[in-house]
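Notes for the one structure printed next.
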Amino acid sequence: MNIPLLDLKAQFAPMRAEIMAAVNDVFESQYFILGPQVAAFEKECAAYTGAPHALGVSSGTDALVLALMALGIGPGDEVITTPYTFFATAGSVARLGATPVFVDIDPRTYNMDVSKIAAAITPRTKAIMPVHLYGQCVDMDPVLALARTHKLFVIEDAAQAIGARYKDKQAGTLGTVGCFSFFPSKNLGGAGDGGLVTTADAALFEKMKQMRMHGMEPKYYHAVIGGNFRLDALQAAVLRVKLNYLNAWHEGRRRNAANYDAAFAGCAAIVTPKVRPDCYMIYNQYVIRVPQRDTVLAALKAATIGSEVYYPVALHQQKCFAYLGHAAGAFPESERAARETLALPIYPELTDEQLHYVAETGLTAVR
């Protein structure tokens, strides 16, 4: 049985006619840059997330960069974030000349350990950038309380978390700015790169909207420096179709996660994802912790089952961040997660037979 980590062909097949019709409409209009498709998608995303304002951008990385630029964060500033995440989180901070300041993760959720944030705040701190990793929100109340006390911005990296909820609010609507990615492998994935920023701050929204197009307002007049952060109309058209399916896909992933949880329940060697009771998790990934991770990884590969290590090298140990001066052991839980975690197929189109095959292969490998 050949089971990929993610089967986008299975996702595409039942909606092929809808997507191709949407793409055809864009070609018929010949309106490829911003325009009505992007405006409609932004309106629909605002309604879906509950954010007062939503702005389509070119990628999840550019969403982070745009948010940081619009908030004036640059050289001499510090941004507190996690070393256990995709590179773009800290990379976007460093690109603007600011300094990423890491705090370690909670070993149960893999999200930043919010109890460690206060000790990392200095007079140079300008923002906290929590990452809602794997589709589960960070414990945001303490983050927001610290931000209020110290007058800090909160930039939510919600690249893996559209539709995830913390208490009664959606990811991306809790802080100053929410940043999303529509990379094809995300729960809501486009036909290429794409992203979104959300905010309740009308003035900040207008600034980001201006900066999205090189800071131009009106045409050929530039009061601020921005970038080319536009979302293509073709991506918006595809994403508008997929957005209608998103909640059902979330539930499919949650159902599959429950099946894995039950299958692994009697195996102490496999630690399943810990979901906080105040969170609605969307399982962008289903990540298990296995001390003999490489043995399980090899067994899955031999059984033609797709799997992935997110992330094999914590950010503080990446060569490009050596200048920050962190020695091995500086963030032990992040380093342990990099050694022991493994993502299994979780997409909603998986059959019960496939889920059983994945689970049994994993269990056999650790026995």
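Quick note on numbering: this note's numbering labels position 80 of the sequence shown as 276, and the sequence is numbered without any gaps. Every residue, glycine too, gets a C-beta built ideally from N, C-alpha and C. Source: prediction; values computed, not measured.
Anticipated Cβ contact below 8 Å, residue i with residue j, distance rounded
i: S381; j: L202; result: 6 Å
i: R436; j: F208; result: Actually they are not in contact, since the Cβ atoms of R436 and F208 sit about 15 Å apart, beyond 8 Å.
i: T321; j: L348; result: 6 Å
i: M325; j: V275; result: 5 Å
i: D353; j: L260; result: 6 Å
i: A247; j: T395; result: 7 Å
i: P296; j: T277; result: 6 Å
i: L267; j: I313; result: Wrong, their Cβ atoms sit about 18 Å apart, outside the cutoff.
Per-residue burial, residue i [other beta carbons within 10 Å of its own, 16 or more giving buried]
i: S311; result: exposed
i: H249; result: buried
i: G272; result: exposed
i: Q356; result: buried
i: T547; result: exposed
i: G521; result: exposed
i: E224; result: exposed
i: T537; result: buried
i: H328; result: buried
i: F228; result: exposed
i: H552; result: exposed
i: E447; result: exposed
i: P528; result: exposed
i: E531; result: buried
i: T557; result: buried
i: C241; result: buried
Coarse secondary structure for residue i, derived from DSSP in three states
i: D428; result: strand
i: Y441; result: coil
i: Q366; result: strand
i: K497; result: helix
i: C516; result: helix
i: S530; result: helix
i: Y479; result: coil
i: F376; result: strand
i: M308; result: strand
i: L538; result: strand
i: K322; result: strand
i: G287; result: helix
i: P570; result: Not covered by the structure: residue 570. The range shown for the chain is 197 to 563.
i: K485; result: The residue you asked about is not Lys; residue 485 is Arg in the sequence shown. In the structure shown, R485 sits in a strand (DSSP, three-state: E or B).
i: F298; result: strand
i: L392; result: strand
i: E545; result: coil
i: V467; result: strand
i: T277; result: strand
i: I317; result: coil
Cα-Cα separation between residue i and residue j, rounded to whole angstroms
i: N424; j: M409; result: 5 Å
i: I199; j: Y417; result: 53 Å
i: M404; j: Q431; result: 20 Å
i: A433; j: I542; result: 26 Å
i: L496; j: E402; result: 48 Å
i: C333; j: T318; result: 25 Å
i: I478; j: A360; result: 6 Å
i: V339; j: Q233; result: 35 Å
i: G422; j: M265; result: 8 Å
i: Y506; j: A561; result: 20 Å
i: G390; j: G256; result: 6 Å
i: A461; j: V467; result: 9 Å
i: M308; j: N480; result: 17 Å
i: M211; j: A218; result: 11 Å
i: K365; j: A499; result: 40 Å
i: D457; j: A534; result: 21 Å
i: A315; j: F298; result: 11 Å
i: A284; j: S254; result: 14 Å
i: A518; j: A286; result: 13 Å
i: A294; j: L511; result: 16 Å
i: F288; j: T305; result: Residue identity check: residue 288 is Ser in the sequence provided, not Phe. Near 24 Å, if we compare the C-alpha coordinates of T305 and S288.
i: E504; j: A555; result: 15 Å
i: N452; j: Q406; result: 42 Å
i: A523; j: K239; result: 46 Å
Interface flag, residue i vs chain D, CB-CB below 7 Å
i: P528; result: Protein chain content of the structure displayed is limited to a single chain, and chain D is not contained in it.
Handout entry: Ordered list of alpha helix (DSSP H) runs contained in the segment 229-275, each at least 4 residues
Key = With a minimum length of 4 residues, the continuous alpha helix (DSSP H) runs that stay inside the segment 229-275 are 232-245, 256-266.
Practice task
Mind listing, in chain order, the continuous alpha helix (DSSP H) runs of no fewer than 4 residues lying wholly within the segment 398-426?
Solution key: 398-407, all fully within the segment 398-426.
Exercise for the section: List in chain order: all unbroken beta strand (DSSP E) runs of 3+ residues lying wholly within the segment 324-366. Expected result: Whole beta strand (DSSP E) segments, 3+ residues: 349-353.
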